[in-house]
Every structure is written in C-alpha cells, then in structure tokens.
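*Asks:* Numbering (our numbering), first residue to last: 17 to 1071.
The C-beta atom is built at its ideal place from N, Cα and C for all residues, glycine as well.
Provided herewith is a single structure, encoded as structure tokens, for subsequent inquiry.
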C-alpha cells in the first residue's frame, strides 16, 4: 500500500527467472516493492514474439507452452558470455529458442516476428525486461524514471557486468550503480537489523543466494554505524533452480522413452510443457513430500503421468546441492572465518526454499537456525532501492549513513609469457581499487606489447575468462627485459575495470574500459503478537505492524508470496493448504476446496448458494440445521468438514507463516469480513479464527480496513485536508463491497453507508468465460463437457489466466491439449468478448455504487477520492465505467489492491494492542450495520429495530403488544434484510418468552432490545414490561457453533 511521492531512483533485481523493482519513499521512510500491471511483485524474465507483437513478462510466460520457439527465458546466462563457452553450449542445446554465433564469438537470439526472422543480442532482450520494469514503476509512481541501481550476481565477470549496464542504457536508464545481489540482500537485512536497539557493534553474516540461474555466497560484517563490509564472495553463474528443473525434465524424458520407446527430447513443445510441469512440481515438493506430474497428450497423443517424491528430487539433484555447500565452505576459508563465528545465515532467492538445501546448511553450521526473515524474492530489489536512495541523497539517517565496502569476486590479470596468468588484483580485494605492476619485454627488439586481460583463478589463461586486449606500440628496440611497461588496473564502485598500460620510457597510454563489482541485504523480526488477516475468497493475506519501523509489513508465506490461495485439498497421504493445494487442483478437482467463503454462515437451501454448489467440482451436502457440509476423500475415507473448519485451516496456515517470519507465537488477530456479511457469516468467521487458535480481537469490514490504510497513507504523505469523502470500491474474487466514508485529519474514520453483493466478483467473470468455452466446444464437437470435473477445472484455470492477461492486452488465446475425449481446444478471446459476456455483472457493480451514494446522502461530485481495492478492479472496463460515473475523475490506484485490506487490519490490530505511533493510536472507527435487523410482527411482517447503515456499536429498543387475547408467550423471530416481508429476508434465530399474564389483545407489552457490538455481532433480549421477565440470546452463537462444538472441531482439524 502506498501514497506516491516524487522519486526518480529505483532499484532493480534483474533476475534469471524473475525480476523485481522497488523504490524508497521518503514520506514513509521505507522501501516499497512496485507491482507490475497484473499486481504481482515479481515479473517473469521472459520476452516473446508472436504474429503481431512483442510480449514481455507475464504475457510472454503465459504463452510459452504454445510458442516455445519464440519465447526467450534465462537470457541472463547469455549476457556477456562467449558463444563458444562449453557451459553455455550445454544451455543452448536445452533451450527451445534459437541461439546462433554472432560477431566476436557473441551469442545472438533468433526469433520469428511478423513472419520474418529477427536477431536480438542478449542485451536487447534484457533491455526489454528492464524497460517493462521501468514503465511499471512510472505507472505506479506517477513520474518519469531515469536513474536506477541494477543488481548482478557477485560472480558475474567484467563482460557480464558491462553487458548489464549496456542493457540498462538501452532501456533508457541512467545506471547509477551495479551492485552485487548478495550485497543488496545484505543492505536490506542490515537496514532492518539496525532498527533493533540490541544490534551488536558488529555482526558476521553469511548471505546464501540461490536463485533461478545463479548462485552467490557472500561473507560480510555489518556494523552498528551502518558500514557493510564484504570479506569474501563465492558462487557459480551456472547453478540454480533452472538446473534442478532440467534434471527433473531429463528424468521424465527418460521415463517416457522407457515406457513408450519414443524420444521427445527434440520436441520443443513437449519439452516446454514438461519444463512448466516440473517447475511447478519442484515448488510443490518444498511443502509436500510427493506430487504428480500429469500431462495430457504430451507427445503424439500419448498422455504422461508419474509420481515425483521429494526423495527422488533430492537424489537427482544431490550433486548440485553438494556444490552449493562446497562454495559456502570455500567462502568461509577465503574470509578466514570459522563457521561458529557467523552470527546469521541469511537465505535469499527462491531456490533456498528447498528443504534439503536448508537441512544441509543447518548441518554445516551445527544446526544453527537459518534467517528467513527477509522476503527471498524481494530482498535484492529492496537493497538496490536503498542504495538508489543513498546515491540520490534520499532516505532517513540510516540510509544516508550507509557505507558499502565490497570486493572483487574473481582475480584479474594479464597474460605473461605463453598462457601464464599474471594477477594484478586478487579476488576478494576491496573495491574501488587501483593496482599496478611492471612487466618486461619477452624477446630482443620487441616493438610492441599486447595486453590481454583475463579474469579467473587458474594459473593458465586458457582456463580463465578472456575479457579484452589492446596494443601498446612504439617500443624502442632493445635487448630482452630492458624495456618495461607499467600496467594499471582500476576497478570502480560498479566493479567495472579500466586497464591502461604505460611504457616507462615514453609514457604512451592507450587504454580500454572493462567491468567488475559487489554489495548487501534486509529484515529482523521483533516480538509482536497482533496480526491483521484478510481472509479472502480466492486469496488471503496477513500483515503486522512493526513499532521499530513505524510501518506495516505484509508477511510472506512459505513460498515467499504475499498472498496465499484460499484453498484446502486432501490427497491419499496428506492435507494441503494454500499454494500446495491450488497447484494440484487440476489433478485432484473433487478433493480441492476453494471459494469456501461463499459457504460460511450460509443456509444450504439458499437458492444463490445452490447455484454456486452446482458449479463446484467438490461435494457439498446438507448438514444439520440447513448448514452446508463439505465432503472430501482423505486417506481412502470420506471426511466431512464444515466451512468454518476449512477456513480455520487457511487461517492457521497464515498464523504459522506469521510465526515463522516473526520468530514469536501469535495469538491475537483482527480478521476482515465483507461489509455485506450477515450476522451468521460474521460469527462463522469468528468461529474459524477460534478453531485456528486465534483470539479474534475484532472483525472489521474489508472496505473499512482499506480506508484505514488509505487514511494512514494520506496522513503520512502530508495531506492537510481536514476531512475527505472517500468511496472504497472493493471488487474481489466473489464479493463486491462499496463503502462511503469520511476520513478526518484527526484520524477519525466514519462509515456513512455500505452496499454490495456477496455473490459478485472475479469468480463470476471466470465462470462466464468458462461457460462460453463449454458452449463453443459443444458447437464444434457436439460434446457436453460441463459435467466433467477435470475438464471444467482445467478450463477454469486457463480462463482465470486469460482474464488476467486481458487487463493488459486486447486479446489472448485459450489453448488446452486433450481437453476432453482426446480433443484439443483452442480459441482466441478478445477483451471486447470478455466485456460483452460480463456486461451485466459490470452494470450491477455501478448500480451498487449509485445506491451507496444515495444511502449516504452524498452527491458524486462531493466524493474526493475513489479508492480501488481487490484484484478484479484491474479490469479496464470496470475502471472506465467508474470514471464515467464520476465525470472523468481519476481513480486512486496508489494502494496495492491485493494487500491493502490486510494492511488496514494490521493497523487496527496495533491500535487495539496499544502499539504504533500517534496516528495509529489516535485511530477512531465508526462503522455501520450493513443490513437492517428486526423481528417478525404479525404474520410475515418485518418490524425493523436497527435500520441498515446505523453506526455501530449500537443498541436499539422496540416495544410491541400481544397479537391476540389471553396470549401467554411471545415468540421472538429475528431477521436481517431490507424486505417488508420476513419470508424474503434472512432468518437468524428465535427464542420464546414465557409467562405472559392473560389479558386482552395489546395490553401486555414486550420490550425487545437489539445490541450490536464492534464486530457487528448481534445480541437480542426481550423483557415483559409488566413483570420484568427477561430472556435473551447472542444470535450468531446459537446459529453457528457452541463452545462445545468448537472444541470438538478443534480436535478434528489437524493440519
């Protein structure tokens, strides 16, 4: 979440598989990771050509299986390399796209674009990725970006560094500095640790950075005064997650050959599909002990399926894992440090999530805990952004006082005699540095010197990296050894090398520029127990307030993602939650639960819920008291789960992720709910929190949480408006919430009106696309696939992806091999068709906005800001219709729609725990009841006690008399809704008040009292006026789970 300020220097982690961009915000004193067009914090390092356009990032990766020959990935391995390099040749043979030899032994990428072959240098392809990140930053920041700090692997050669700098220039960037990736990570780590008052004067830190294509290890010291000193570096520019994927792919190819006697190794499409499946399986195996690779019609109409265990994955990659540990050992020796002197081992890079890697590191360091407190995917960009702020004279005192002392990763020298390496700058020399050496003529009457520059550790130049050469002419004839040349090597702060040679007798000084350098890391956790949770329909998110930083931090899950799929699955051996559950959904649709929020606190017989259940691949049956019950097969048996139990598993997963990140037990939480959630749905959410082991401090409406984040951001940004009218438009996976609020400069947030629909969101848009595809398949093939769970789930996946792509492009393709009965399915989907299919839903959204404005008594021109929340607000048509409604007023996109609700919940959690600075502690919330509450009077007539949009907490009373003569009891039936007829409203609960003295009709009176607490949960009591006889209930407690029921479920729910 964020408010935009003017900032022009960004930090970029240009990764092998994924890239990331970040910027420092002075008004918040923090770095913010900048999302791409799809709202993701990391962007695939992919570029593709099709018939009409060049695609970059998500759009390129999404079509890789359909267009493998024209999709470039791993370009970082080509940067600054020689085409003839044996390791590069091995990579080239495994890639589906074409790489040829260019001039001076440089690799050239060949792609087909507009029916013609086009050649691209690796620098050009990398510049497209950098430009994409630059444009994302400009869109997010609202300003032009020119300056950037770009990260490189510590073990990058001089040529690779210069190639990276050239790519930045091609992208329109002024590269302020190249910084080594582990050093950038150390800056992020160090900045976070320096906020800790208990930080020792000096800490020894080992950064273990294992990414997609490169491996770096750095040994550093971090001083309390902000000095970060690199003592030694090590690593391998051809070791990472891509290698682990390739081993899995090769194993699958061999298995296919064994079973089918067919070699698919040369089939680009089959290998591309295997690569995607193996990459996904590798991720799954970090959180489960086995998974399945299942590909329909992999080759020549033949399906391929095999079970992959974690043990097999570890066996296949044991050589790579051992290499990693050997590099750590070597780095410790080079830095002259014993392993027991290392204070922290910091994990960076996605591949560090592999359990075997972590186990081997713990064994090496005598089972010392590993530091996972920085986001493995974002720490490098974070550190680069800190350095960018430092070089631009931005940032707080800690940032401005930052001092970096890096080293050369490899030795640098020249060839002396034949094939002999003369080292001028040994590896691990602090930089910037200047070194000189004097060399003599090798033969009599030598008239020139050829200065050949190399990088590497071998005594023989043929085994090292050749960088460049130049001639020094005009040497006077003389006997061998008499004429001397002084060679000077200068490395700047980027690690880029300048070499000059001076003949001692004549001072002739030609020179050449080359390239070499390195830098540091992010985050220490403090004790904090109150978290904020956005329990979403499709994705959930958890956040916490940090007093030492005066900010909220979104907490990553086990896969380092900031949002977690709201999915739970059962297989034959285990119960999966989050990423692991979603990843196996196409293979196991009937045992994977998603969208459970729609079932929470609902009646099974509800017609809208029945419509939802019909479209779900998993089984939902009627339980007691008209409650929905989910049925899954687990360990060969059917097991029944309530929606609260499923939701509790998601909440527990988020709680455990927070505990792992914070290093402390978490007990207290604020949980968000849709503003339009009924009383029963709210209590069901609270019950789920209890089942997850949480003390639910407060339930808060999602748009109100977003308004807290927005308001805190505006206050931090210096907005001096005494009061602002804000409309929060929150369109998520299945729920639309609209709230009209006033936000005061004093920290008060008052809700004026709410509206929305608990059955309207992105899932509905997906379903419209799926239904269209089903109809199209029927039209073409005369076959109905609507009842085939596996086909429908596969369609759901690709339609969801297509919907996302259509927010950034005007058309995309849906392609599925062997969708049903051996038949492939392919069709183009345009943004126009998507908008046409969902026009009714979009119009409904606008109607709810108009109704909310009417309810709040506010004209649209009186609304100061329209704040977008929820992933579905990225849809261009939705934004267009909102702008039109508000007469072209710009929409506020300055807060991250996927994280802002959890952010606001974390602020409220801090407020309720008496944490946070003045603006947090001074926060005042006045929310409202989303629906009217009342009782049945006469037959089927609704008597409203608390009208909708009544500020809460609230207490209201209602007096009514007996309906018939000699009535001896009152039946209090409680309803929620806007109809005059109770049959059209939601029945909540009922109770009896007995002992009414016989009397004529209307003489005896009962006083009914409705009380809503700050969570929006209702208590109802009734008192007979004449006798004082009283009875009451907490509606939702009766309507959902009793304490005994919760205890029973807590024993049943095991993660």
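What are the start and end residues of the alpha helix (DSSP H) that includes residue 515?
*Replies:* For this step, residue 515 is matched to residue 499 along the chain shown. Residue 515 -> not in any alpha helix (DSSP H); beta strand (DSSP E) instead, spanning 513 to 519.
*Asks:* Measure the Cβ-Cβ separation of residue 257 and residue 366 and say whether it is below 8 Å.
*Replies:* Taking the chain shown and counting its residues from 1, one reaches residue 257 at position 241. Taking the chain shown and counting its residues from 1, one reaches residue 366 at position 350. Yes, these two residues count as a Cβ contact at 8 Å.
*Asks:* Starting from residue 789, follow its DSSP beta bridges and name the residues at the other end.
*Replies:* Here the question's residue 789 lines up with position 773 in the chain shown. Beta-bridge pairing links residue 789 to no other residue.
*Asks:* Which whole-angstrom value is the C-beta distance of residue 24 and residue 159, which I expect to be below 8 Å?
*Replies:* Position 8 of the chain shown, counting from 1, holds the residue named residue 24. Position 143 of the chain shown, counting from 1, holds the residue named residue 159. Indeed, because the Cβ distance is near 7 Å, the residues count as touching under 8 Å.
*Asks:* Can you have a look at residue 35 and say buried or exposed, based on whether 16 or more other CB atoms are within 10 angstroms of its CB?
*Replies:* Counted from its first residue, the chain shown places residue 35 at position 19. Buried: at least 16 other Cβ atoms inside 10 Å.
*Asks:* Taking the alpha helix (DSSP H) that residue 677 belongs to, which residues open and close that run?
*Replies:* Within the chain shown, numbered from 1, the residue matching residue 677 stands at position 661. Taken as a continuous stretch (DSSP letters only), the alpha helix (DSSP H) holding residue 677 covers 659 to 678.
*Asks:* In the DSSP assignment, what residue or residues form a beta bridge with residue 958?
*Replies:* The residue you call residue 958 lines up with position 942 of the chain shown. Note: residue 958 sits in a beta bridge opposite 952.
*Asks:* Between residue 267 and residue 666, what straight-line distance do the alpha-carbon atoms span, to the nearest angstrom?
*Replies:* Here the question's residue 267 lines up with position 251 in the chain shown. Here the question's residue 666 lines up with position 650 in the chain shown. Near 34 Å, if we compare the C-alpha coordinates of residue 666 and residue 267.
*Asks:* Taking only runs that begin and end inside the region 844 to 892, name each unbroken beta strand (DSSP E) of 3 or more residues, in chain order.
*Replies:* Listed in chain order, they are 881 to 885.
*Asks:* Once the 5 residues before and after residue 869 are set aside, which same chain residues still bring their CB inside 7 Å of it?
*Replies:* Residue mapping note: residue 869 aligns to position 853 of the chain shown, counting from 1. So the list reads 756, 876, once near-sequence residues are dropped.
*Asks:* Taking the beta strand (DSSP E) that residue 637 falls in, what are its first and last residues?
*Replies:* Your numbering for residue 637 matches position 621 in the chain shown. 635 to 638 is the extent of the beta strand (DSSP E) around residue 637.
*Asks:* Put residue 29 into one of helix, strand or coil per three-state DSSP.
*Replies:* If you number the chain shown from 1, residue 29 lands on position 13. The answer is strand: DSSP assigns residue 29 an E or B state.
*Asks:* Does the beta-carbon distance from residue 491 to residue 467 come in below 8 Å?
*Replies:* Taking the chain shown and counting its residues from 1, one reaches residue 491 at position 475. Taking the chain shown and counting its residues from 1, one reaches residue 467 at position 451. Cβ atoms of residue 491 and residue 467: not closer than 8 Å.
*Asks:* Who pairs with residue 394 in a beta bridge, going by DSSP?
*Replies:* Translated into the one-based positions of the chain shown, residue 394 becomes position 378. Looking at the DSSP assignment, residue 394 forms no beta bridge with any residue, so it has no partner.
*Asks:* To the nearest angstrom, how far is it from the Cα of residue 30 to the Cα of residue 420?
*Replies:* Taking the chain shown and counting its residues from 1, one reaches residue 30 at position 14. Taking the chain shown and counting its residues from 1, one reaches residue 420 at position 404. Taking the straight line joining both Cα atoms gives about 21 Å.
*Asks:* Which residue marks the beginning of the alpha helix (DSSP H) containing residue 337, and which one marks its end?
*Replies:* Reading the chain shown from its first residue, position 321 is the one you call residue 337. 334 to 350 is the extent of the alpha helix (DSSP H) around residue 337.
*Asks:* Output the boundary residues of the beta strand (DSSP E) element that contains residue 127.
*Replies:* For the purposes of this step, residue 127 is identified with residue 111 of the chain shown, where counting begins at 1. Note, residue 127: beta strand (DSSP E), 123 to 129.
*Asks:* Report yes or no: do three or more beta-carbon pairs, one from the region 375 to 387 and one from the region 184 to 202, lie closer than 8 Å?
*Replies:* Touching, no, given that fewer than three Cβ pairs across the two stretches are closer than 8 Å.
*Asks:* Which residues bound the alpha helix (DSSP H) around residue 294?
*Replies:* Numbered from 1 along the chain shown, position 278 holds the residue referred to as residue 294. Start and end: 284 to 300.
*Asks:* Short check: CB of residue 170 to CB of residue 197, under 8 Å?
*Replies:* The count along the chain shown starts at 1 and reaches residue 170 at position 154. The count along the chain shown starts at 1 and reaches residue 197 at position 181. It is a contact, given that the beta carbons lie within the stated cut-off.
*Asks:* Which partner residues does residue 40 have in the DSSP bridge list?
*Replies:* Here the question's residue 40 lines up with position 24 in the chain shown. Residue 40 pairs with 47.
*Asks:* Taking only the alpha-carbon atoms, compute the straight-line gap between residue 87 and residue 113 and give it to the nearest angstrom.
*Replies:* Here residue 87 is taken as the residue at index 71 of the chain shown, counted from 1. Here residue 113 is taken as the residue at index 97 of the chain shown, counted from 1. Using only the alpha carbons, I get a separation of about 7 Å.
*Asks:* Just mark residue 44 as buried or exposed, buried being the case when its beta carbon has 16 or more other beta carbons within 10 Å.
*Replies:* Walking along the chain shown from the start, residue 44 turns up at place 28. When all chains shown are included, residue 44 counts as buried.
*Asks:* Using DSSP with H/G/I as helix, E/B as strand and the rest coil, what is residue 489?
*Replies:* On the chain shown, position 473 is the one that residue 489 refers to. Reduced to three states, the DSSP call for residue 489 is strand.
*Asks:* Could you spell out where the alpha helix (DSSP H) holding residue 231 opens and where it closes?
*Replies:* Position 215 of the chain shown, counted from the first residue, corresponds to residue 231. It is not in any alpha helix (DSSP H) - residue 231 instead sits in the beta strand (DSSP E) that spans 231 to 239.
*Asks:* For residue 10 and residue 628, what's the separation of their Cα atoms in angstroms?
*Replies:* Since the first residue shown for the chain is 17 and the last is 1071, residue 10 is missing from the structure and cannot be characterised.
*Asks:* With DSSP as the reference, label residue 82 as helix, strand or coil.
*Replies:* As a position in the chain shown, residue 82 is number 66, starting the count at 1. Coil, per DSSP.
*Asks:* Go to residue 147, then tell me how far its alpha helix (DSSP H) extends in each direction, as first and last residue.
*Replies:* Here residue 147 corresponds to residue number 131 of the chain shown, with the count starting at 1. 138 to 157 is the span of the alpha helix (DSSP H), which, as asked, contains residue 147.
*Asks:* Using the DSSP secondary-structure output, state which residues sit across from residue 315 in a beta bridge.
*Replies:* Mapped onto the chain shown, residue 315 falls at position 299. Its beta-bridge partners are 318.
*Asks:* Roughly how many whole angstroms lie between the Cα atoms of residue 978 and residue 1016?
*Replies:* Numbered from 1 along the chain shown, position 962 holds the residue referred to as residue 978. Numbered from 1 along the chain shown, position 1000 holds the residue referred to as residue 1016. Each residue's alpha carbon lies about 8 Å from the other.
*Asks:* What ranges does the beta strand (DSSP E) occupy inside the region 428 to 487, keeping only unbroken runs of at least 3 residues that lie completely in it?
*Replies:* As far as the region 428 to 487 is concerned, its whole beta strand (DSSP E) runs of at least 3 residues are 428 to 432, 436 to 441, 449 to 456, 464 to 471.
*Asks:* Is residue 499 closer than 8 Å to residue 483 when the C-beta atoms are compared?
*Replies:* On the chain shown, residue 483 is found 467 positions in, with the first residue counted as 1. On the chain shown, residue 499 is found 483 positions in, with the first residue counted as 1. No, the Cβ-Cβ distance between residue 483 and residue 499 is not below 8 Å.
*Asks:* Can you tell me whether residue 26 is buried or exposed? The criterion is at least 16 other CB atoms within 10 Å of its CB, across all chains shown.
*Replies:* The residue given as residue 26 occupies position 10 in the chain shown. Buried, because 16 or more other Cβ atoms sit within 10 Å of the Cβ of residue 26.
*Asks:* Quick one: measure Cβ to Cβ for residue 861 and residue 752, integer angstroms, because I've assumed they're closer than 8 Å.
*Replies:* Within the chain shown, residue 861 is the residue found at index 845, counting from 1. Within the chain shown, residue 752 is the residue found at index 736, counting from 1. With a Cβ gap of about 6 Å, residue 861 and residue 752 count as contacting.
*Asks:* Please classify residue 383 as buried or exposed, where buried requires at least 16 neighbouring CB atoms within 10 angstroms.
*Replies:* Taking the first residue of the chain shown as 1, we reach residue 383 at position 367. Under this definition residue 383 is an exposed residue.
*Asks:* According to DSSP, residue 177 sits in a beta bridge with which residue or residues?
*Replies:* Residue mapping note: residue 177 aligns to position 161 of the chain shown, counting from 1. DSSP lists no partner for residue 177.
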